[in-house]
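Enquirer: Structure in structure tokens, see below.
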Amino acid sequence: MNIGLDDVVAAETALSHVDGEAGRLIIRGNDLEELAGRASFEDVVAMLWSGLVPDVADPRALLGKARVRAYRHLAPLADRLNGLTPVEGMRLLLASLPDAEQDHPALAVGAAGVAAAMAVRGAQGLSPVEPDAKAGHAADILRMMRDAPVAADEAQGLDTYLVTVIDHGLNASTFTARVVASTQAGILSSVVAGLCALKGPLHGGAPGPVLDMLDSIGSVENAEAWLDDAMARGERLMGFGHRIYRVRDPRADVLMAAVGRLKGRSDRIAFAEAVEVTALKVLERRKPGRRLDTNVEFYTAILLDALGVPREGFTPLFAAGRTAGWVAHAIEQEKVGRIIRPQSRYVGAWPAEAA
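All the letters of the sequence shown, read from the start, carry residue numbers 6 to 360 under the numbering used here.
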């Protein structure tokens, strides 16, 4: 039995491919590096949904209308966000959308953006901000979250992030979304299920602890000793290593470039870059022959922090980007027309033994 299903092929997809040996992420036939920073999130959504979703000729207008429509459903629930973490609030909001609103998949992506912003504000006791249908998706999410104007470089930074996390093979949350879709539960249920899987600290719930680690290190001078001590205690260095990639995570390089364009907005960036260099040296020394490189979590934390996003909001923003991928996988799975139903191996007592 393969615990964790490593290397088990459970689906065929035309959406994305992760090559862990070469360090490549291919989305609809394009390397991630060719898309991020050059194609907008809306354009990549249209490309990802090509042949699966009708009426995506103007994805910016489509998602703008979807955000406005979703807000009408979600705004009345703002008072229920008090006392919830942002990811809990986002889960509540998305789960409240009626199945009758599943007439177009764009609603799920629009709702995810609105819900992420609302949930972050709700956790701080702040009122929701209405969407602007004419704005770009990334810029509008950031404006709704901060209730402040968004500069062009900030909008580009979040847009690059949303593109970077839009899809990533058959990861835990995407597999969860496909399992739910195979039951014909619908797109919205698949998205909520994906979010529930994503919130786990072994999946999308990890970017915040990268900042916790940097806070604990405190200074460049303290970095090597702190990292050495952490590894001596058997602790994982947050933001390093990946289950699939045996070389550097290509998403880390894309986000590193995006962070570089925001250097004037955060004093933490130069410090984080210095810690990364030191961490890679410590990892090479302590685990020779085992390639543990920077992953997407490290530069996700630095980028979103530079954009003024509280660390509790990192996972909701991850979900806001990944929802477009969950939607595509759900539709792809629905077309298969067969429920996902693997077998388990029983290791409990048999009746004669239990007697």
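For each residue, glycine too, the CB sits at the ideal point set by N, CA and C. These numbers come from a predicted model, not from an experiment.
#1: On the criterion of 16 or more Cβ atoms from any shown chain inside 10 Å, does Ala-157 qualify as buried, or is it exposed?
#2: From the DSSP output, read off the bridge partner residues of Thr-299.
#3: According to the neighbour-count rule (16 or more other Cβ atoms, all chains shown, within 10 Å of its Cβ), is Leu-10 buried or exposed?
#4: Considering Leu-20, what are the terminal residues of the beta strand (DSSP E) in which it resides?
#5: Whole-angstrom Cβ separation of Ala-160 and Ala-111, contact assumed at under 8 angstroms?
#6: My guess is that Phe-323 and Gly-213 are in contact by the Cβ rule of under 8 angstroms, so how many angstroms apart are they, rounded?
#7: For the stretch 334-347 and the stretch 291-299, state whether three or more C-beta atom pairs, one from each stretch, are separated by less than 8 angstroms.
#8: Which runs of the alpha helix (DSSP H), 4 residues or longer, sit entirely within the stretch 210-284?
#9: How many Å lie between Ala-177 and Ala-202 at the Cα?
#10: Rounded to a whole number of angstroms, what is the C-alpha to C-alpha distance between Gly-94 and Trp-355?
#11: Check whether the Cβ atoms of Val-170 and Arg-65 sit closer than 8 angstroms, and answer yes or no.
#12: Would you tell me roughly how many angstroms separate the C-alpha atoms of Ala-198 and Glu-226, rounded to the nearest one?
#13: Between which two residues does the alpha helix (DSSP H) harbouring Leu-203 extend?
#14: Contact between the stretch 240-253 and the stretch 299-309 is defined here as three or more beta-carbon pairs at a separation below 8 angstroms; is this criterion met?
#15: Assign Leu-40 to one of two classes, buried (16 or more other C-beta atoms within 10 Å of its C-beta) or exposed (fewer than that).
#16: For the beta strand (DSSP E) containing Leu-30, list its first residue and its last residue.
Expert: Concretely, from the data shown:
#1: Walking along the sequence shown from the start, residue 157 turns up at place 152. Residue environment for Ala-157: exposed (fewer than 16 other C-beta atoms within 10 angstroms of its C-beta).
#2: Your numbering for residue 299 matches position 294 in the sequence shown. Answer by DSSP bridge pairing, in chain order: Phe-245.
#3: The sequence position of residue 10 within the sequence shown is 5, counting from 1. Answer is exposed; the Cβ neighbour count stays below 16.
#4: If you number the sequence shown from 1, residue 20 lands on position 15. No beta strand (DSSP E) contains Leu-20, which DSSP labels as neither H nor E.
#5: For this step, residue 160 is matched to residue 155 along the sequence shown. For this step, residue 111 is matched to residue 106 along the sequence shown. The Cβ separation is near 20 angstroms, so there is no contact.
#6: In the sequence shown, the residue the question calls residue 323 occupies position 318. In the sequence shown, the residue the question calls residue 213 occupies position 208. That pair is no contact at about 11 angstroms.
#7: Output reads no: the stretch 291-299 does not touch the stretch 334-347.
#8: The qualifying runs are 212-222, 225-237 and 255-265.
#9: Residue 177 sits at position 172 when you count from the first residue of the sequence shown. Residue 202 sits at position 197 when you count from the first residue of the sequence shown. Approximately 7 angstroms between the Cα atoms of the pair.
#10: Here residue 94 corresponds to residue number 89 of the sequence shown, with the count starting at 1. Here residue 355 corresponds to residue number 350 of the sequence shown, with the count starting at 1. One C-alpha to the other measures close to 44 angstroms.
#11: On the sequence shown, position 165 is the one that residue 170 refers to. On the sequence shown, position 60 is the one that residue 65 refers to. Result no, Cβ atoms of Val-170 and Arg-65 do not sit closer than 8 angstroms.
#12: Numbered from its first residue, the sequence shown carries residue 198 at position 193. Numbered from its first residue, the sequence shown carries residue 226 at position 221. Taking the straight line joining both Cα atoms gives about 43 angstroms.
#13: Position 198 of the sequence shown, counted from the start, is the residue given in the question as residue 203. Per DSSP, Leu-203 is one residue of the alpha helix (DSSP H) stretching across 192-203.
#14: Counting Cβ pairs under 8 angstroms, three or more are found: they touch.
#15: In the sequence shown, residue 40 corresponds to position 35, counting from 1. Buried is the label assigned to Leu-40, since at least 16 other Cβ atoms lie within 10 Å of its Cβ.
#16: Residue mapping note: residue 30 aligns to position 25 of the sequence shown, counting from 1. Element bounds for Leu-30: 29-32.
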